[in-house]
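Residue numbers (our numbering): 798 to 1280.
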Amino acid sequence: MEDSFIHLFTTPGGYYLYDINKNTILSLQKEQFEVIKNNLSGNQDNSGYSNHTIDSVNYLRDLGFLSSKRPKEMYNPISDTLIYHLNNKVKMITLQITRQCNLRCKYCVYSGNYENRGHENVKMSFETAKKGIDFLIENSKDNERIFLAFYGGEPLIEFDFIKECIKYYEEKGEGKEIHTTLTTNATLITEEMIAYLCKHNVNLLISLDGPAEVHNKNRVYCNEDKGTFEKVMDNIDMIKEKFPYYLDKRVTFNAVLDPENDFSCVNDFFADFQEIKQSNLISSQIADYYKKEDIEYSDTYISKLRYEYFKLFLSKVGCLNKKYTSKLVWRYYGQMIDRYNRLELTKEIPDRVHHGGPCTPGVQRLFMDVNGNLYPCERVSETSSQMQIGNVDTGFDVDKIKTLLNIGRISEKKCINCWALRFCSLCAAAADENSNLSMEKKVSHCISVRNYVENLLKDICTLREFGDELDLFKDIDSADWQI
């Protein structure tokens, strides 16, 4: 049993085993947990435990649990149908309509603090934009819904251009359910713009990091070190007054959480911000891939964040009104459910498998820069030769996409022995060094990924302990497991 492909963990209320082959979590009795843990460490002396405990563990083995089987090869099965997906299932395209921005946000991936391009006074031609929209339409034949997104720089610098693109998109997308999204710093918004966006059902993502002292720390104008909070708030007030339905239904606020800031201060701001009570709020961490210096999270920051997770869990088991929870952490529960839904009982892990993490490059979040070059998404470096997966004129580079899709191959020996491989979140960006894909760089993230996955599984189990029914769990001493 010492070679069993499993992971043991505990919560304040229970003992658990995650079986990688079976892809399920078992709830254990303390004695069962100890026997398995001892055997894993090479100690086969079970003389101190009852026959019932030993028999129940052996019964698990008879049912196929505690197997030592590992996969033999990292291979993404989507590779077999990749060309079909690229030709027929592209879901969205994000157009980088300009590289110009009226802000110089200090954590921006184009700020000079990342291995990426800088800001430039360059914009996309309408001919290139039309090619991008045509590319989406042509390569989404089997999708009923498609998505067009505008990105920068600051897209609203080119608002007339946006209107041209939307007109063309609506004409070419006739017969499909079309969706449009625009990301903005909200400093250039006018009443005329919102009226147009409202009329055409454009979803708006507004960057707002918190109160003035937090927002203005990073989000400043390009020509002066002056914060943008007041201008953003004025524009939000205008939308609230003139277009209240649009604000509630079509606007989402994105708060970038800087670990150097006081999390409670940011949380209190959004809790008390009446203007956006009905609007969606999401949060994101400062991007760490490609950053020239490591991001450090203090114990205080992490403890305050975990406290908000705890309140969220209390609300899920009926012990706290949802209104007292933080919208900044609601997305975490969605991530838990996503991982939970991956816990589908299997016979064993396949010989050929790939760790989680990579999307299908070009299908989920296709990004096109001002020159028509194609990338997996807007989060990768535009200066990386590894990440350019084609051009709108020449199409996809299928060989390059296959390499990114099978990024687990570069760390195969480590991945096939990793208990968290089904839940891994690492894509090729984690290995990207612009000129090559580095195994060393990729595996440098592995400890933090495993810690994250373990905490996620612990949180799922804790929720079940307190009444959030999750029926994918089995209990060794339940009727199904009786000897």
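We put the beta carbon where it would ideally sit given N, CA and C, even for glycine. From a predicted model like this one, the values you see are computed outputs, not experimental measurements.
Residue environment, residue i, which counts as buried when at least 16 other CB atoms sit within 10 Å
| i | result |
| --- | --- |
| residue 1124 | buried |
| residue 1060 | buried |
| residue 1244 | exposed |
| residue 841 | exposed |
| residue 816 | buried |
| residue 1263 | exposed |
| residue 804 | buried |
| residue 1062 | exposed |
| residue 1067 | buried |
| residue 809 | exposed |
| residue 853 | buried |
| residue 1215 | buried |
| residue 1276 | Interpretation of residue 1276 is limited by its pLDDT of 33, a score under 50 that renders its predicted location unreliable; the figure taken from the coordinates is listed afterwards. The residue is exposed, with fewer than 16 neighbouring Cβ atoms inside 10 Å. |
| residue 1257 | buried |
| residue 925 | buried |
| residue 923 | exposed |
| residue 1041 | exposed |
| residue 1073 | buried |
| residue 933 | buried |
| residue 849 | exposed |
Delimiting residues of the alpha helix (DSSP H) encompassing residue i
| i | result |
| --- | --- |
| residue 1011 | 1009-1015 |
| residue 1221 | Run containing residue 1221: none; DSSP gives neither H nor E here. |
| residue 960 | 956-969 |
| residue 1262 | 1243-1262 |
| residue 885 | 879-885 |
| residue 1210 | 1209-1212 |
Paired residues, beta bridge with residue i - DSSP
| i | result |
| --- | --- |
| residue 999 | 977 |
| residue 853 | Beta-bridge pairing links residue 853 to no other residue. |
| residue 1053 | 1081 |
| residue 807 | 812 |
| residue 1073 | Bridge partners of residue 1073: none, in fact. |
| residue 1048 | 1001 |
| residue 893 | 948 |
| residue 871 | 1150 |
| residue 1289 | The requested residue 1289 does not occur in the structure, where the chain is confined to residues 798 to 1280. |
| residue 1088 | 911 |
| residue 1234 | 1229 |
| residue 1193 | 1187 |
Chain B within 7 angstroms of residue i, Cβ atoms only
| i | result |
| --- | --- |
| residue 841 | Structure shown: chain B not included; a single protein chain is present. |
First through last residue of the beta strand (DSSP E) which encompasses residue i
| i | result |
| --- | --- |
| residue 824 | 821-825 |
Cβ-Cβ separation, residue j to residue i (assumed contact under 8 angstroms), whole Å
| i | j | result |
| --- | --- | --- |
| residue 928 | residue 1169 | 6 angstroms |
| residue 1158 | residue 1198 | 5 angstroms |
| residue 1143 | residue 819 | 6 angstroms |
Near the ligand FMN: residue i beta-carbon under 6 angstroms from a heavy atom
| i | result |
| --- | --- |
| residue 1120 | Among the ligands in the structure shown, none appear at all, so the ligand FMN cannot be discussed. |
Along the chain, which unbroken stretches of the beta strand (DSSP E) at least 3 residues long are found entirely within the segment 1107-1187?
1163-1165, 1170-1172
Runs of alpha helix (DSSP H) lying entirely within the segment 905-949, each at least 4 residues, in chain order:
As far as the segment 905-949 is concerned, its whole alpha helix (DSSP H) runs of at least 4 residues are 923-935.
Could you tell me which whole alpha helix (DSSP H) segments of length 4 or greater appear in the segment 1017-1045?
Segments of the alpha helix (DSSP H) lying fully in the segment 1017-1045: 1026-1039.
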